[in-house]
Structures are given as C-alpha cells and as structure tokens.
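J.: Once you've had a glance at the structure underneath, I'll fire off some questions.
Chains as they are written, first to last, in my numbering: chain A, 162 to 492; chain B, 193 to 517; chain C, 1429 to 1723.
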C-alpha cells in the first residue's frame, strides 16, 4: 500500500498546465525561484527558470530558446530593437562585497572605492595591507593572502560591479572596462552567484562580489562601501531605495537605467536592477511571461522584501503595463 | 507426379524466401554495423567541424593553438590555456598512475594468493565503475579541503624553498588546482590501466617465465627482464589508452580545476582544460563566434583523442599478434 | 651477504612495493565509498523522491524531477541504443570476421567507446537542440544512446565470439539458414553474456553528466514531456555541489549515494551473471546445509 502511495505521489502533479521557461541572471535567482514557486502554488502554472548567468539569459532570449531571459546588465535601446526584444525591470538588488577571513568572523569592514579597485587589480594582496588597515582603525586585520574571486561566466552581477568600478576608478575604466564578462587582472573564476559564494565560503581569506541575499543566506559579512558623498554605507533595503530614488525609467528607451554610484547621502553605490527580455515577434510566448510578471507585480512584493530585494515602485509597474500594451504583449 | 512437382516448387519458394530473409538480415545488420563504426564517428566529426567553421575562419589553426587570450567580450579566442591544462593534467595524472597500475598488475598476477586475486581485481574494477561526477563531488567536498588545509601548506613549507621544484609550489593553497585535479584523475585511470597491464601480463607464455626461473632468476628479475619487455608495447598501449581517457574526463576536472583561463605557473594554481571550458561555457556562449570557438576546441579534442586511442590500439594489437604466433 | 641473498632481498622489496600499490588503490576505494556511504546515508530521506525542489535558500524539498527525469532519459536511451548496438555486434561477430574492412570498423567502434562523452553532447546540441530552439529531454536520451552504441556493440561481439564454433557447425549441418543459426543457436547461447553487456552499458550511461549538460539541461518542475528540458540526478548534483547552500550539498550526497549504489549494484549483478561458477560453491554449501540431495 505504501509503495502504491509513494508511486502515486511521485507521478502525480504533472498536470497539463501553462509552462513558461526562463533563464539568465543568478543575481535574481533566489527571488525568481520563490516567485515561481508561489505562482505555481496559486495558479498551477509552471515557471522553469534556470540560473545560468545574465550572459546566457541574453543569448537564450536572442535565440528564442526560452520564453524570457533575465539580465542585470540592461541591453541598450539599440540592442533591444536590433534583436526584436522587449525589456522591462522587475526588481532591484544590491551587489555586496563579501569576504571570509577566519580571524574576522562576521566583522563588517569599511572599504572605499580605491580599496576594492586595488584588490581586484591585484595591487593589494594581503588583508593587513596598510591601506585597508587605515580604513578600519578599530579592527586588527590579519596577515593573510587575499583570494580574489570573480565570475567565470557571463554575468550581470559582474556588469553592475564593473560598471561601478569603471565609474569610480579611472585605472579600472582604462585597463578593464565593464561588461558581463571582462578580462580580470587577477583572481579565480566561479560560476554564478552560487559559485562565487561557495568559493568565498570555502576559502580562507577569500573576497567576492555577490547579490546581497547570497551573502546573507550563507552568513557571510557584507562590507560597507564608501559612496559618492563620502559616506560608508551598509547594503540594506533603505540604502538601496535611496540609490533607486533618482532613477528615470523611460519606456521609450526600453527602461535602460543604471543605478550604480547614484547621488544621495545614504545611497548604496553598487545597486542594480534586473531586466526581463521577451520576444516581441512571438507574442504568445511573450504573453506567457507577461502573465507571470503581472502576478509578480501584483503579489510578489512581499516575497521580494523578505529576501531583501526592492520591488519596483508603483509608477514603474504602471509604465511596464502600458509598455506591454503598446507592444501587443499584454497578458 | 504432380505432388512431387508441387513439393519441389514449394521447397524452392521456401528456399528463396529463406535466402531473401538472409540477404535482408545481412544488409540491415551490416548497415547498423557500418553506422556504429564508421558513419557515426565520421558524422560526429563533421558536425563538430561544421559548427567550428566560424572560429576556424576567424582564428586559423596556428594562431588558435598558440594564443592564450580567451576573451568573450572582445571576441578573441586562443585555446592555448585549455590545451596546456588538458595536456599537463593528463601527463601528471599518468605519471602518478602508471607505476601504481603496473604495481597492481604485478601484485595481482605474481604475488597475490589465489583467494586474494579476485578480491583485489574486483576492488580495482569497482573503482572504475564509480561515475566520474562522484569523483568530482568527493574530491570537492572531501579531498580539496584536506589538500588546502593540510597537504598543500605542508608541501609549500617543505619544498617551497628548494631551488627548481620550489617554484611549482607557490601560490595560495586553495585545494582547487593542478595538483588535486591530477591526483583525482590518476585515481580514476588506475583501474583501467591496471586491467590492461594485467591482461598483457597474463599473455606471457608461461614457458618463458619458467625458463627464467629455471636459470635461478628471482621473481622480480623475471618480471623486470622477461615479462615487462615482452609486454612493453602492450603496456605502452595501455598507457596511451588511459591517457586518451584522461583527456576526455570532464566532471571530476570541472569540480577541481578552478576554472581560470590562464596557464598555471605552479601546481597549486587553478587552471582550465578543454572539457572544463566546454562544460562551463557552452550554455553561456552568447555570440556565434564564442560558441564556434568552443566547438573548435571540441573538434581538436575529438581528433587528438581519436588519434591517441587509435595509436594505443595499434600497439596493443601488436602484442596480441605476437602472442598468437 | 651473498649476491644471491641480495638479489632475493631486492626482489622481495620490489614485490612489497607492488603490494603497497595495491593497498594504495584499495585505500582510495575505501575512502571514496566510505565517505559516500557515511554522508549519503546520513542525508537520505524518502522526501527526496517525492518532493519538488524548494527555491534557493529555503531548506527542505526534494529531487523528484531529477529522479523521474533521470529514469526517463536513461530508459529511453537504453531502448534506442541497445537494439542498434546488438545488431551491430551481431554483424561484427557473425558476418564481418572475414572482412578486413569490417574488422577495422570494429576497431573504430572500440575507439568510440572511450571518446569524451561531452563531445557527444555538443554534437547532439547542434542537431537536436539548436534547430528546435530549446533544450529537450529527448536530445539527452539520444546523446546517452549514442554513447551506449559502441559499448553494446563491442560486448555483444565479444560474447558471440565466445560461442564455440562447433555449435554453429552442428546447426549448419542440420540444414539451417544463417539467420536461424544466429537466432536459435548463437544468440541463445550468448544470451547471458549479451545481457551482461547491456547491464554494464546502462550502468555506464546512468552515471553520465557531461552529455546532458546542454541537451536535456535541467528543470525544477516535474515533467514527462520529452520536448521540455528535463532534470537528471547527475546534472542536479553538478549544480547543487557548486552552490553555496548546505542543504543542497546534503541532497547531493544523498543523490550521489543512491546513484553510486545503483550503478555498483548493476555492475555486480553483471559480474555475477557472467561468472556464475562463483556462486556454485555457495549453492553447494546451502544445499548441503539444508540436506537436499543431488547437489
């Protein structure tokens, strides 16, 4: 009897329901997955989202291998039009600098633009470097090698991080630039936000850049970063909202907007939004995605906030709905 | 009279049908044999070639093989880092595995009492049956941390200052590097190599060994001066066969290599191989040239592995011929 | 010390070294299997099989799509690969032995057995994934089937070659056609051996990860539709191990344990089938204990 029940439990649940496929950003994966889970519970529709990195998400969206792609590095309006896509933002998050130094435990360190830049350029190689020490006078920094971790795959998180570095560090802008994939001066590559978090967790003296929730869920500290106004800001919901306050979301520009290094006393400097790409020329598939994201706009806010993401402001959601209608992909 | 004629006619019909069935069977079986052994390998190679054509046109042959720049953003691809990683990890793993495999083969054929032989043989074969992702998982969760916290610092401490070899042990010991990868790879190929060498040893005609014993040789001398020279080409073939397998190993290496697209300067640095690049970057190649470049390295791997395995086969067959004549 | 004793000591020393190498090999085996058993067993739970995965960061959930998907893909691959492989093997053994051409083809088949499996995935991607526009479970099954083909062909060939000539000749002498000889005599005799080959082939592809990485890809949702991407145990393990969450790691251990035990069990069954005389002494003992006559 138990066997029959087990077999039924295994094979049940494969109802003929709407299935939406998505792929891309690992930055958004925790909340995207949570939305998919709750959406399925409520409506029975399935959303299969694969966290392969924004680079992969862009490519699959372009190749129409998935119904929607998700990327933290937005496509320029020209590129959106060139590939006959539509682009809109769905949530905002923060890229934090996280680290794992056994002697420091969960102590939060201060880092300024130059510190992060020099670490990732390979110029600062030890945790007790005098420059870092003077930023953190109350902490005894140990004499350990810094193990620099970055992304090995095409990543929107990298896009946001290197975009910020290019804005605040002229040498980085010149020598490395920004994008979903760059030529890193130093460090080890890991796959996805998951991989970077994992690597930092397992290394002794590792440092990496990940979406905030990954550091939080794995009990890793997130550094305070110096922002444009000169304040050391901790990444949290309030500082992220500050960063997003001056954003101008323009639907005629396909919502292209960058949130790094924004003005504001308490603005967290490495903030970014996640953008969804849908095929303009395949309205049935696009509508599957917009149906899901309409639910996300209506009901998904609380889940986002639980995971320390910022939902889009109401006016932006309205703009998105208008945008869909204009292009014939409203749900 | 008519019955006989009719009987003869129906017999001929049965025979004709039988022969038709015969030919049909031969053709269909033959087709599948041709497919598996010729059409499919060639087709696979052609598909790889076709997908790689963009990259081949763009980067040529020599340039692709000799450049280290693997830049998806600038769309400039050179496969040297991967080729280097594949070659080095394979060679290193063989260096570790070969003496062990030969030793195991010697143990099984010469030393083990007959009750122990099948147990050791089975144990070694079980090692081969373990799926490669398990090696990756175990290596990543269990071996790499031990290497990072105990073994590698110890090696760095003892050998780091030695003039030449010391350079091989520089760098932060993360456990995910050339050394750990080669070690796990070697464990994976030991069973295969040991089996080939053991089979080669078993082919030595007893009379050759007995004559040597008759002259007063010790066991080791018989092994070293009779068995091994006799099976030399078989052993070499086995080595190359195992290398061919190590070349294509993906999962264990992907977990333990560290995935850094640069040529490692020490055993303790992370690196990359062709299979690692394919496994990690295939789904992320966001431009046609990028994907084509991946197919290009895949094609290279296919050709090299095919050639190595072919050469190895040839050498093993030569040994078999010797024994048969 | 006389030269003779010195040589003898040296020989014993070298043989001792060879004993050490065997111990070295067994050491790894025990360590790997041991870790697998300890960690895998610890995290085993029935929920793994009938629950779907939770969003990342939320503990719990299971691997239902992966288990079911893996079964579907492996079974389909077996159905596709075994008949073709056996047919090719029959040709090699029964028809092709006099042809140098076909003997070369057979050698090429043997080479294909050891070809990197990830390349099969790349080939199938170009043919069955790119044109279709999305990852699908069917392409994963095809990739595995292609891997199986050479293995089955070679083992079938080897097993058929073991059937003594006399059996065939006796059948011919009775006037049988070739296909009758093959069907009723040779195949019957090699039945067990061929089955062994099939079991080993299945064990081999059940443990494969690389070819599935970009063919059947992955899916968090249970699906039976081969046109959809499909989860598999191995790819899921790959993703979970590289991720940061503890519960992902634990589930990977459990999945690894199940997978390895399954594969090892298949391998052991195959060996036992092949060497049935291993079991004979066991049967003898059992019979003599129970007092049954006619052992």
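Where a beta carbon is used, it is the ideal one built from N, C-alpha and C, also for glycine.
(1) Could you give the residue range of the beta strand (DSSP E) that holds residue 229(A)?
(2) Pull up the distance between the alpha-carbon of residue 325(B) and that of residue 307(B), whole angstroms please.
(3) Where does the unbroken alpha helix (DSSP H) through residue 1511(C) begin, and where does it stop?
(4) What is the DSSP secondary structure of residue 176(A), reduced to helix, strand or coil?
(5) Would residue 1564(C) count as contacting chain A if we go by Cβ distances under 7 Å?
(6) Rank 458(A), 450(A), 413(A) and 386(A) by C-alpha distance to the C-alpha of residue 423(A) and give the top, closest one.
(7) With DSSP as the reference, please indicate the residues paired to residue 152(A) in a beta bridge.
(8) Any C-beta of chain C sitting closer than 7 Å to the C-beta of residue 313(A)?
(9) On the DSSP bridge assignment, give the partners of residue 209(A) in chain order.
(10) Assuming contact is defined by CB atoms lying nearer than 7 Å, are residue 184(A) and residue 219(A) in contact in what I supplied?
(11) Take residue 193(A) and list the residues in its own chain whose beta-carbon comes closer than 6 Å to its own, dropping the five residues that flank it on each side.
(12) Which class does residue 306(A) belong to by DSSP, given the choice of helix, strand or coil?
(13) Tell me, to the nearest whole angstrom, how far the beta carbon of residue 359(A) is from that of residue 267(A); I am working on the premise that it is less than 8 Å.
(14) Which residues, in order along the stretch 192-223 of chain A, keep a beta-carbon less than 7 Å from a beta-carbon of chain C?
(15) Taking a Cβ distance cut-off of 7 Å, strictly less, list which residues of the stretch 486-498 of chain B are near chain C, in chain order.
(16) For residue 412(B), which residues in chain C fall below 7 Å Cβ to Cβ?
(17) Compute the distance between the beta-carbons of residue 1627(C) and residue 1698(C), then report whether it is under 7 Å.
(18) Could you give the DSSP three-state label for residue 1442(C): helix, strand or coil?
(19) What three-state label does DSSP hand residue 1670(C) in the structure shown?
(20) Can you give me, in chain order, the residues of the stretch 432-443 of chain A that have a beta carbon less than 9 Å from any beta carbon in chain B?
(21) Under 7 Å, do residue 1598(C) and residue 224(B) count as touching if we go by C-beta distance?
(22) Tell me, to the nearest whole angstrom, how far the beta carbon of residue 369(A) is from that of residue 232(A); I am working on the premise that it is less than 8 Å.
(23) Look at the alpha carbon of residue 179(A) and the alpha carbon of residue 263(A), and state the distance between them as a whole number of angstroms.
(24) Report the rounded CA-to-CA distance for residue 1469(C) versus residue 311(B), giving the unit in angstroms.
(25) Verify whether the separation of the beta carbon atoms of residue 1608(C) and residue 1471(C) is less than 7 Å.
(26) Any residues in the stretch 1678-1698 of chain C with a beta carbon nearer than 7 Å to a beta carbon of chain B? Which ones, in chain order?
(27) With 7 Å set as the bound, which would you pick, yes or no: does the beta-carbon of residue 263(B) sit closer than that to a beta-carbon of chain A?
(28) Which of the three DSSP states is assigned to residue 248(A) in this structure?
(29) Cβ closer than 7 Å: which chain B residues qualify as neighbours of residue 1538(C)?
(30) Anything in chain A within Cβ reach of residue 245(B), meaning under 8 Å, just list it in chain order.
(31) Would the stretch 504-513 of chain B count as touching the stretch 262-272 of chain B if we require 3 or more Cβ pairs under 8 Å?
(32) Go ahead and pull the three-state DSSP assignment for residue 253(B).
(33) Leaving aside the five residues before and after residue 235(A) along the sequence, list all residues of the same chain whose C-beta is less than 6 Å from its C-beta, in chain order.
(34) Can you pull the chain C neighbours of residue 271(B), defined as C-beta to C-beta under 8 Å?
(35) Counting only beta-carbon separations shorter than 7 Å, does residue 407(A) have a partner in chain C?
(36) With burial defined as no fewer than 16 other Cβ atoms inside 10 Å of the residue's Cβ, what is the status of residue 1532(C): buried or exposed?
T.: Judging by the given coordinates:
(1) 229-232
(2) For residue 325(B) and residue 307(B), the distance between alpha carbons rounds to 32 Å.
(3) Where residue 1511(C) is concerned, the enclosing alpha helix (DSSP H) stretches over 1492-1518.
(4) Unreliable placement is indicated for residue 176(A), whose pLDDT of 42 sits below 50; no coordinate value is reported for it.
(5) no
(6) 386(A)
(7) The structure shown does not extend to residue 152(A), since chain A is modelled only from 162 to 492, so the question has no answer here.
(8) no
(9) 182(A)
(10) no
(11) For residue 193(A), the CB contacts under 6 Å within the same chain, skipping 5 residues up- and downstream, are 210 in chain order.
(12) Assignment of residue 306(A) by DSSP, reduced to helix, strand and coil, places it in the strand class.
(13) Wrong, their Cβ atoms sit about 18 Å apart, outside the cutoff.
(14) Within the stretch 192-223 of chain A, contact with chain C at the beta-carbon level (separation under 7 Å) is assigned to 194, 195, 198, 207, 209 and 211.
(15) 487, 490, 493, 494, 497 and 498
(16) Per Cβ cutoff of 7 Å: 1438, 1439, 1442 and 1443.
(17) In contact: residue 1627(C) and residue 1698(C) (Cβ atoms closer than 7 Å).
(18) The three-state reading of DSSP puts residue 1442(C) in helix, counting H, G and I together.
(19) coil
(20) Hits within the stretch: zero.
(21) In this structure, residue 224(B) does not lie closer than 7 Å to residue 1598(C) by Cβ.
(22) 20 Å between Cβ atoms; not a contact.
(23) 48 Å
(24) Distance between the alpha carbons of residue 1469(C) and residue 311(B) is about 25 Å.
(25) no
(26) 1680, 1684, 1687, 1688, 1691, 1692 and 1695
(27) Taking 7 Å as the threshold, the shortest C-beta distance from residue 263(B) to chain A falls below it.
(28) If DSSP states are grouped into helix, strand and coil, residue 248(A) belongs with the strands.
(29) For residue 1538(C), the C-beta contacts it makes with chain B under 7 Å involve 505, in order along the chain.
(30) Within chain A, no residue comes near residue 245(B); the closest Cβ sits about 18 Å away, beyond 8 Å.
(31) no
(32) For residue 253(B), the three-state secondary structure derived from DSSP is coil.
(33) 417 and 436
(34) Neighbours of residue 271(B) on chain C: none; closest Cβ ~15 Å, over 8 Å.
(35) no
(36) exposed
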